[in-house]
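>
2 protein chains.
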Amino acid sequence: MATSPPTDMPTRPLISAAVVGRANRGRVLQALFDLGPTSRAELARYTGVNRSTITAIVQPLVDNGFLLEGAPLPAGGAGGKPARPLTLSPTASPIGAVQVLQGRVRSALVSMTGDILAQDTRRLPVTGRRAREATDAIGASLEAVLAAAKRPPFGVGVAVGGMVDTDRGSIVEVNLAPALDGLALGPALASRIGLPVLLDHHPRALLLGDRWFGPGRGISTFAVLYTGEVLGGALMLGGHLHRGPAGAGGELGHTFVQVDGELCRCGRRGCWETIATLDWLRRRAAEAGLPDAARISTAKLCRLAAKDPAAARLRDTYARNLAVGIANLQQTLAANRYVLHGDAARGGEPFATAIQQHARDLVPEHPGGRPTVVLGGDDDRAALLGAAGLVLSDQLQFTV
Amino acid sequence: MATSPPTDMPTRPLISAAVVGRANRGRVLQALFDLGPTSRAELARYTGVNRSTITAIVQPLVDNGFLLEGAPLPAGGAGGKPARPLTLSPTASPIGAVQVLQGRVRSALVSMTGDILAQDTRRLPVTGRRAREATDAIGASLEAVLAAAKRPPFGVGVAVGGMVDTDRGSIVEVNLAPALDGLALGPALASRIGLPVLLDHHPRALLLGDRWFGPGRGISTFAVLYTGEVLGGALMLGGHLHRGPAGAGGELGHTFVQVDGELCRCGRRGCWETIATLDWLRRRAAEAGLPDAARISTAKLCRLAAKDPAAARLRDTYARNLAVGIANLQQTLAANRYVLHGDAARGGEPFATAIQQHARDLVPEHPGGRPTVVLGGDDDRAALLGAAGLVLSDQLQFTV
DNA sequence: TTTGGTATGTTCGGGACTCGCTCAAACTAA
DNA sequence: TTAGTTTGAGCGAGTCCCGAACATACCAAA
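For the record, the sequence lines run as chains A and B.
Under my numbering, the first residue of the first sequence is numbered 9, with each subsequent residue one higher.
Under my numbering, the first residue of the second sequence is numbered 9, with each subsequent residue one higher.
Rendered as structure tokens:
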């Protein structure tokens with residue numbers, strides 16, 4: 009959360025009349041996101057208010073082109089005036105989305121409907137201490153896509169593949185990119201382009217991408233796991249992304265699953281990361297004598313597993329290792345739904361099912377339900393949509 | 009035609025004028041809980057509203073005796089009309105609190121100020137399949153304390169030392185009390201006494217007791233750990249108790265910290281419970297040759313540790329074992345504050361500090377803060393206050 | 001003692017919402 | 001044609017918060 013300064017004001021604001029309108033408008037738009045094209049009457053039923061209230065909220069948005077009124081639908085069996093579905097306009101104000109990776113930056117202009125209207129990728133100078141150059145490259149990339157906007161964008165979301173301080177909108181640390189460490193990227197971009205800028209950790213952006221445009225659409229509690237060289241995650245609890253103070257939560261890779269176990273990159277022993285990342289997989293693949301073990305991925309492993317029993321065993325063990333952490337999350341939070349991103353997601357449905365089966369075996373029965381493991385969409389697209397989702401969540405999900 | 013939405017999202021109702029009043033009244037009362045005696049002007053500053061708004065909210069509550077207006081305080085150095093502090097009235101409507109244990113039931117009448125006005129303890133027939141007798145005993149105990157109420161109570165909270173289904177208000181399973189398994193205690197009590205009844209898991213009641221009357225007062229994010237024969241916990245995240253669907257969350261004792269480790273009571277291997285309960289402590293105490301090892305507690309261990317190096321080492325290892333799970337919570341949720349209850353709490357401040365030190369050693373630095381381990385109050389009292397807290401949270405914390 | 005400054009708490013008019021009711025429009029089925 | 005159903009708009013009423021103004025109460029310096 010970049011633009012708002014870190015307030016230590018411990019106040020619990022009351023609800024004012026002004027904020028009620030904003031909040032309700034946000035909720036109606038949320039409903040439109042979650043339900044797709046929906047008539048005013050159905051929105052009224054869904055939100056439990058009078059139809060006239062929906063009209064009052066929606067009409068200005070239709071008038072200024074934010075919402076589109078579709079053609080009257082043929083009435084349902086019972087007769088009656090045909091409903092006119094409302095949809096989010098693909099040409100309404102777009103959202104800027106930035107993904108900061110180790111060696112490059114990707115920017116996009118995203119419509120409210122989840123379409124990528126423009127895109128830009130460029131190299132990012134991250135070695136040495138050239139923070140200014142990095143900021144300039146990111147800003148230039150962002151400006152390139154914002155120039156394609158026909159209406160002034162709502163804001164900009166930035167997903168960073170490293171540790172961030174969401175309160176300050178600054179980067180704490182990005183592996184192998186020392187130029188970015190400590191960089192207050194959010195405020196820098198905000199003052200450069202004159203728009204609100206929200207900055208967050210990459211897995212949390214993925215979560216919001218899934219929440220608004222992916223398999224988490226309309227779901228109030230679920231988790232995202234990102235696997236690969238590292239292991240990270242994010243949590244949606246009760247309709248809100250759980251960040252923790254300054255965005256400290258979600259460091260799932262460095263929870264202990266094997267006290268005093270293998271040494272982790274972080275210097276401690278037995279982190280989940282030590283048994284559920286590509287590093288572990290490649291070492292075990294080499295031990296098992298699998299071909300090209302040093303560059304194996306879950307996708308390759310799954311292909312090998314079709315004919316090589318050793319690969320199939322390794323695949324199953326890896327699925328179980330991933331399931332261990334999911335089981336811990338399930339026992340702790342009972343999020344029930346877990347969306348895979350990164351390397352593990354490219355193992356496809358069978359691999360997700362294998363993880364799910366292990367996770368279910370690892371938690372006891374409870375009336376609250378069982379864990380379900382599903383695939384997230386394409387990572388690159390999901391990250392950009394997620395960066396846009398940062399802005400959507402900020403604009404639409406008032407805590408009131 | 010009015011199809012239910014294809015999501016698990018409980019149709020987000022919009023905010024109406026009526027609910028705003030209720031919610032704001034709740035927030036003002038929360039502020040009074042959290043701040044103690046507070047003048048109208050200070051409440052206005054704290055909640056960010058106009059003083060006249062506070063007057064409008066507070067005046068009816070003063071008139072009907074729910075709030076008390078104290079004597080004018082001597083004005084602060086700068087002059088001005090002296091403030092008249094408002095306090096919750098100890099004689100306002102009380103709350104019924106019930107704690108269901110394996111062999112007995114305790115009931116109490118709790119004032120809004122956290123005083124226990126009346127109390128009742130009786131044996132609970134829990135063997136065999138005599139659900140009716142158990143319900144009768146609980147109901148009779150509750151009625152005994154409710155009879156002491158001078159005004160009609162707000163409701164009744166029930167804390168159960170076992171697995172519960174909070175949605176149904178029913179008990180899923182209580183160890184060694186088969187008569188209670190599956191019992192819909194909430195509805196049964198509600199129809200018997202004609203008051204709303206809220207039922208929840210024991211650690212979650214402790215959490216709410218701490219939130220309203222203990223070390224969690226006014227803190228929006230913290231966790232409670234209960235240790236002893238079993239290991240359980242509860243989470244306050246962003247001002248709301250996280251229950252999970254049907255109350256499935258918080259099963260911290262059965263998260264894995266040692267994959268394929270020691271066999272746990274639950275049938276799986278390497279649960280946190282296997283290294284952080286009295287069972288582990290007593291076996292290790294026996295191995296170390298400590299006196300009366302089979303009945304040792306953390307409190308006894310801490311006393312022994314003063315002169316026996318072996319006891320001191322065991323004490324340190326036990327503190328680290330507890331810290332492992334705290335570190336995992338910290339990495340996952342960054343709750344920052346951890347309140348101890350049960351056996352470990354009776355190890356006193358030095359033991360809490362030892363756990364805290366280990367927990368800090370086990371998590372990396374982050375601007376979001378470091379874990380803090382503090383002692384909860386007396387368990388028996390905290391559980392009853394926590395049962396009352398179930399009602400307070402229900403009445404005062406509208407999600408709007 | 002007077003006077004100006006400061007803070008508290010109340011009163012009152014105004015504005016921003018939502019609610020319930022009513023009505024026209026559009027479609028179905030008998 | 002007619003009755004029934006559903007959608008969407010219009011209007012007055014009610015509820016709540018805000019801001020300005022005012023009375024009250026205390027302090028401190030002149």
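Just so you know, even glycine gets a beta-carbon here, dropped at the ideal spot from N, CA and C.
Which whole-angstrom value is the C-beta distance of P98 (chain A) and T121 (chain A), which I expect to be below 8 Å?
Right, their Cβ atoms sit about 5 Å apart.
> Who are M244 (chain B)'s beta bridge partners in DSSP?
In DSSP, M244 (chain B) forms a bridge with B:F230 and B:L249.
> In three-state DSSP terms, what is D16 (chain A)?
Only weak support is given to the placement of D16 (chain A): the predicted model assigns it a pLDDT of 32, under 50, and the value that follows is read from those uncertain coordinates. D16 (chain A): coil per DSSP, three-state reduction.
> Under 8 Å between beta-carbons, which chain B residues line up against T55 (chain A)? List them in chain order, please.
By Cβ distance, chain B contributes T19, R20, P21 and L22.
> Quick one: what's got a C-beta closer than 8 Å to R20 (chain A)'s C-beta in the same chain, skipping five residues either side?
Once the five neighbours on either side are set aside, R20 (chain A) has no close Cβ partner at all.
> Report yes or no: is there a C-beta of chain B within less than 7 Å of the C-beta of D490 (chain A)?
An answer regarding residue 490 (chain A) cannot be provided, because it is not within the stretch 9 to 408 covered by chain A.
> Is the Cβ-Cβ distance between T63 (chain A) and R48 (chain A) less than 7 Å?
For T63 (chain A) and R48 (chain A), yes; Cβs fall inside 7 Å.
> Where does S24 (chain B) fall in DSSP's three states?
Three-state DSSP puts S24 (chain B) in coil, outside helix and strand.
> Answer yes or no: does any C-beta atom of chain A fall closer than 7 Å to that of S12 (chain B)?
Bear in mind that a pLDDT of 33 at S12 (chain B), under 50, signals an unreliable position, so the number given afterwards is only what the model happens to contain. S12 (chain B) does not count as touching chain A.
> Output yes if chain B places a C-beta closer than 7 Å to the C-beta of G190 (chain A); else output no.
Not one chain B Cβ lies under 7 Å of G190 (chain A).
> Using 10 angstroms around the beta-carbon of Q110 (chain B), count the other beta-carbons present and answer buried if the total reaches 16, otherwise exposed.
It counts as exposed.
> Distance cutoff 7 Å, beta carbons only. Does L341 (chain A) sit that close to anything in chain B?
Closer than 7 Å: yes.
> Please list, in chain order, the chain B residues whose beta carbon lies closer than 9 Å to that of E259 (chain A).
Chain B residues near E259 (chain A): Q338, Q339, T340, A342, V371, P372 and H374.
> Starting from S199 (chain B), trace the alpha helix (DSSP H) in both directions and tell me its first and last residue.
Note, S199 (chain B): alpha helix (DSSP H), L193 to I201.
> How many Å lie between G252 (chain B) and G297 (chain A) at the Cα?
G252 (chain B) and G297 (chain A): Cα-Cα distance of roughly 44 Å.
> For I363 (chain A), collect the residues of the same chain with a Cβ closer than 6 Å to its Cβ; drop the 5 residues on either side in sequence, then sort them by chain order.
So the list reads A327, L330, A331 and V381, once near-sequence residues are dropped.
> Determine, using beta carbons only, whether V232 (chain B) and V347 (chain B) come nearer to each other than 7 Å.
Yes.
> In terms of DSSP beta bridges, what is G165 (chain A) paired with?
Answer is A:A105 and A:L206.
> Give the range of the alpha helix (DSSP H) segment to which I334 (chain B) is assigned.
That run of the alpha helix (DSSP H) goes P317 to L341.
> So, is the C-beta of G377 (chain B) closer than 7 Å to a C-beta in chain A?
So, interface residue.
> A91 (chain B) to Q67 (chain B), Cα distance in whole Å?
Their backbone Cα atoms lie some 15 Å apart in a straight line.
> Since L37 (chain B) and R35 (chain A) are thought to touch, with beta carbons under 8 Å apart, how far apart are those beta carbons, to the nearest angstrom?
Not really, about 25 Å apart at Cβ, beyond 8 Å.
> Looking only at its own chain, which residues have a Cβ that is under 7 Å from the Cβ of P195 (chain B), when we skip the five neighbours before and after it?
Counting only Cβ-Cβ distances below 7 Å, and skipping sequence neighbours, we find G177.
> Give me the subset of the stretch 199-231 of chain A whose CB atoms are less than 8 Å from a CB atom of chain B, sorted by chain position.
From the stretch 199-231 of chain A, only R225, G226, I227, S228 and T229 have a Cβ closer than 8 Å to chain B.
> In the DSSP assignment, what are the bridge partners of G350 (chain B)?
Beta-bridge pairing links G350 (chain B) to B:T235.
> Output, in sequence order along the chain, the residues in the stretch 33-46 of chain A whose CB is closer than 9 Å to any CB in chain B.
For the stretch 33-46 of chain A, which is checked against every Cβ of chain B, the residues closer than 9 Å are R35, V36, Q38, A39, D42 and L43.
> Exposed or buried, which one is A145 (chain B) when buried takes at least 16 other CB atoms within 10 Å?
So A145 (chain B) counts as buried.
> Is there a C-beta anywhere in chain A that falls below 7 Å from the one on H262 (chain B)?
It does: the Cβ of H262 (chain B) has a partner Cβ on chain A nearer than 7 Å.
> So with CB distances below 7 Å, who are the chain B contacts of R276 (chain A)?
The answer, in chain order, is L370.
> What first and last residue would you give for the alpha helix (DSSP H) that runs through A148 (chain A)?
Segment A139 to L154, the alpha helix (DSSP H) holding A148 (chain A).
> Excluding the 5 residues flanking P45 (chain B) on each side, which residues of the same chain have their C-beta closer than 8 Å to its C-beta?
G78, P93, L94 and T95.
> When you compare the CB of P253 (chain B) with every CB in chain A, is at least one pair closer than 7 Å?
Yes, because at least one Cβ of chain A sits closer than 7 Å to the Cβ of P253 (chain B).
> V265 (chain B) versus chain A: which residues are under 7 Å apart at the beta carbon?
Those within 7 Å of V265 (chain B) in chain A are F264, V265 and V267.
> Helix, strand or coil, according to DSSP, for C1 (chain A) in the structure here?
It is not possible to answer for residue 1 (chain A), since the shown part of chain A is limited to 9 through 408.
> Just to make sure I have the definition right: I need the residues of chain B whose C-beta is within less than 7 Å of the C-beta of V332 (chain A). Which are they?
Simply F264 and V267.
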